[in-house]
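> Protein chains in written order, with this note's numbering: chain X, 1 to 89; chain G, 1001 to 1196.
The beta-carbon is built from N, C-alpha and C at its ideal position, and this holds for glycine as well.
Only a predicted model underlies this, so the values are computations on that prediction, with no experimental measurement involved.
For reference, the structure I am asking about is given below.
Below you can see the structure in the form of structure tokens.
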């Protein structure tokens, strides 16, 4: 069961992995690129944003297609009042 | 009444001729043969507080313009819902942000507009020219960000000659099809112009 989220985001260790993930996902999912949230401490500034309903499928695809689990981080995002809450998926 | 036949004349000539004729006339008839010219002339009329009536026959357009002193000043819809618009214009002359790799530049541009739409400090206007106009027609992500910005009161002006050059589908433009007069005017009016 996925926790409640407004959207999901994937942060990457480097830009090339970000673009690789974008290429993998863009034809089948409604994604957009966004700057990496400050709350997520990854070095590359490009993140991919996705819809909550696609989370399960996208997590499975990314885990399968990007073999190095250290090269990315998949999170859910929601607001609690003015606070932005991120949690790993 | 002076009649200006601007058929077959490329942007911005219909606007140039009409603007000049407005100095010495109170009513004008302008003939043009494309919708961009119609839109630009309507905008010119609005800016000058003239009224414009458009009719179309056999692919040609006739605009009846009159200096209607009683015309009410146009209400800019943006002024009502404007939140904290700064007196800044952002000029986008390319589909990509910066020089270097175009794929990276495309992503940086999308991220720029994503970040801008989330920002508390918005520009009053975003101006698109040359390759930049493609963002308003073809790039779904940037288009979505622009819709949010429009909803927050930011104006978006897109160069009509550039859309025409690239053969863009005008029905897909997010923003207002515009011309060099308005775009330069916005740059001159703004306190600060940020060029991407």
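Assuming residue 66 (chain X) contacts residue 17 (chain X) (C-beta within less than 8 Å), just tell me the rounded distance between them.
Locating residue 66 (chain X) in the first chain gives position 66, counting from the first residue. Locating residue 17 (chain X) in the first chain gives position 17, counting from the first residue. That belief holds up - the Cβ atoms of residue 66 (chain X) and residue 17 (chain X) are roughly 7 Å apart, short of 8 Å.
> What's the gap between the Cα of residue 1192 (chain G) and the Cα of residue 1087 (chain G)?
Numbered from 1 along the second chain, position 192 holds the residue referred to as residue 1192 (chain G). Numbered from 1 along the second chain, position 87 holds the residue referred to as residue 1087 (chain G). Rounded to whole angstroms, residue 1192 (chain G) to residue 1087 (chain G) spans 7 Å at the Cα level.
> Below 8 Å on the Cβ atoms is my contact criterion, and I expect residue 1045 (chain G) with residue 1052 (chain G) to pass it. Report the Cβ-Cβ distance as a whole number of Å.
Your numbering for residue 1045 (chain G) matches position 45 in the second chain. Your numbering for residue 1052 (chain G) matches position 52 in the second chain. Right, their Cβ atoms sit about 4 Å apart.
> Could you please tell me which residues of the stretch 1095-1121 of chain G, in chain order, have their CB closer than 7 Å to any CB of chain X?
Residues 1103, 1104, 1107, 1110, 1111, 1114, 1115.
> For residue 968 (chain G) and residue 1156 (chain G), I'd like the C-alpha separation in whole angstroms.
Given that chain G is displayed from residue 1001 to residue 1196, the structure contains no residue 968 (chain G) and the question cannot be resolved.
> Grouping DSSP H, G and I as helix and E and B as strand, with all else coil, what is residue 1185 (chain G)?
As a working note, residue 1185 (chain G) is residue 185 in the second chain. Helix, per DSSP.
> Rounded to the nearest angstrom, how far is the Cβ of residue 1186 (chain G) from that of residue 1127 (chain G), given a contact under 8 Å?
As a position in the second chain, residue 1186 (chain G) is number 186, starting the count at 1. As a position in the second chain, residue 1127 (chain G) is number 127, starting the count at 1. Indeed they touch by this definition, with Cβ atoms about 6 Å apart.
> Throw me the rounded Cβ distance for the residue 1096 (chain G) and residue 1109 (chain G) pair, which I believe falls under 8 Å.
On the second chain, residue 1096 (chain G) is found 96 positions in, with the first residue counted as 1. On the second chain, residue 1109 (chain G) is found 109 positions in, with the first residue counted as 1. Rounded, the Cβ-Cβ distance is 6 Å, consistent with contact.
> For chain G, check one thing: does any of its Cβ atoms lie closer than 8 Å to the Cβ of residue 33 (chain X)?
Residue 33 (chain X) sits at position 33 when you count from the first residue of the first chain. Output row for residue 33 (chain X): interface = yes.
> Quick one: what does DSSP say residue 6 (chain X) is sitting in, helix, strand or coil?
Your numbering for residue 6 (chain X) matches position 6 in the first chain. In the structure shown, residue 6 (chain X) sits in coil (DSSP, three-state: anything other than H, G, I, E or B).
> Report all residues from its chain with a CB closer than 8 Å to the CB of residue 1001 (chain G); omit the five preceding and five following residues, and keep chain order.
The residue labelled residue 1001 (chain G) in the question sits at position 1 within the second chain. So the qualifying residues of the chain are 1025, 1027, 1028, 1029.
> Residues of chain G with a CB under 9 Å from the CB of residue 19 (chain X): which are they?
Walking along the first chain from the start, residue 19 (chain X) turns up at place 19. The answer, in chain order, is 1103, 1104, 1107.
> Considering only DSSP beta bridges, list what residue 1090 (chain G) is partnered with.
To locate residue 1090 (chain G), count along the second chain from 1; it is residue 90. Answer by DSSP bridge pairing, in chain order: G:1126, G:1194.
> Could you please give me the residues that DSSP links to residue 75 (chain X) through a beta bridge?
Position 75 of the first chain holds residue 75 (chain X). DSSP output for residue 75 (chain X) lists X:9, X:88 as bridge partner(s).
> Any Cβ of chain X within less than 8 Å of the Cβ of residue 1188 (chain G)?
Looking up residue 1188 (chain G) in the second chain gives position 188. So no, residue 1188 (chain G) is outside the interface.
> Look at residue 1154 (chain G) and residue 1125 (chain G) and say whether their C-beta atoms are less than 8 Å apart.
Counting from one through the second chain, the residue named residue 1154 (chain G) turns up at place 154. Counting from one through the second chain, the residue named residue 1125 (chain G) turns up at place 125. Closer than 8 Å, so yes.
> Under a CB-based cut-off of 8 Å, is residue 1028 (chain G) close to chain X?
Residue numbering aside, residue 1028 (chain G) sits at position 28 when the second chain is read from its first letter. No, its Cβ sits nowhere closer than 8 Å to a Cβ of chain X.
> What does a CB cutoff of less than 8 Å around residue 1145 (chain G) pick up in its chain, not counting 5 residues either side in sequence?
Counting from 1 along the second chain, the entry for residue 1145 (chain G) is found at position 145. Excluding residues within five positions, the ones whose Cβ falls inside 8 Å are 1110, 1113, 1114, 1116, 1117.
> Can you name the residues that DSSP bridges to residue 35 (chain X)?
The residue given as residue 35 (chain X) occupies position 35 in the first chain. In DSSP, residue 35 (chain X) forms a bridge with X:46.
> Check the Cβ of residue 1143 (chain G) against every Cβ in chain X and list those closer than 7 Å, keeping chain order.
Here residue 1143 (chain G) corresponds to residue number 143 of the second chain, with the count starting at 1. Residues of chain X passing the Cβ test: none, with the nearest at roughly 11 Å.
> From residue 23 (chain X) to residue 1065 (chain G), what does the alpha carbon distance come to, in whole angstroms?
Counting from one through the first chain, the residue named residue 23 (chain X) turns up at place 23. Counting from one through the second chain, the residue named residue 1065 (chain G) turns up at place 65. So the two alpha carbons sit approximately 51 Å from each other.
> Can you give the beta carbon distance from residue 2 (chain X) to residue 89 (chain X), rounded, assuming they're within the 8 Å contact cut?
The residue given as residue 2 (chain X) occupies position 2 in the first chain. The residue given as residue 89 (chain X) occupies position 89 in the first chain. The pair is a contact, with the Cβ atoms about 7 Å apart (cut-off 8 Å).
> I want to see whether chain G comes within less than 8 Å of residue 46 (chain X), judged by CB atoms only; does it?
Counting from one through the first chain, the residue named residue 46 (chain X) turns up at place 46. It does; some Cβ of chain G falls within 8 Å.
> Could you work out which residue in G:1123, G:1041, G:1132, G:1121 is closest to residue 1105 (chain G) when comparing CA atoms only?
Position 105 of the second chain, counted from the first residue, corresponds to residue 1105 (chain G). Cα-wise, what sits closest to residue 1105 (chain G) is G:1132.
> Output yes or no for whether 8 Å exceeds the beta carbon distance between residue 62 (chain X) and residue 10 (chain X).
The residue labelled residue 62 (chain X) in the question sits at position 62 within the first chain. The residue labelled residue 10 (chain X) in the question sits at position 10 within the first chain. Cβ distance < 8 Å, so residue 62 (chain X) and residue 10 (chain X) count as in contact.
> Taking C-beta to C-beta, are residue 1032 (chain G) and residue 1061 (chain G) nearer than 8 Å?
What you label residue 1032 (chain G) is simply residue 32 of the second chain in a count that begins at 1. What you label residue 1061 (chain G) is simply residue 61 of the second chain in a count that begins at 1. Cβ distance < 8 Å, so residue 1032 (chain G) and residue 1061 (chain G) count as in contact.
> Mind checking if residue 9 (chain X) is an interface residue toward chain G, Cβ cutoff 8 Å exclusive?
Position 9 of the first chain, counted from the first residue, corresponds to residue 9 (chain X). No, residue 9 (chain X) lies away from the interface with chain G (no Cβ there is under 8 Å from its Cβ).
> Could you pull the start and end residues of the beta strand (DSSP E) that residue 1005 (chain G) belongs to?
Taking the first residue of the second chain as 1, we reach residue 1005 (chain G) at position 5. It spans 1002-1005 - the beta strand (DSSP E) in which residue 1005 (chain G) sits, taken as one unbroken run.
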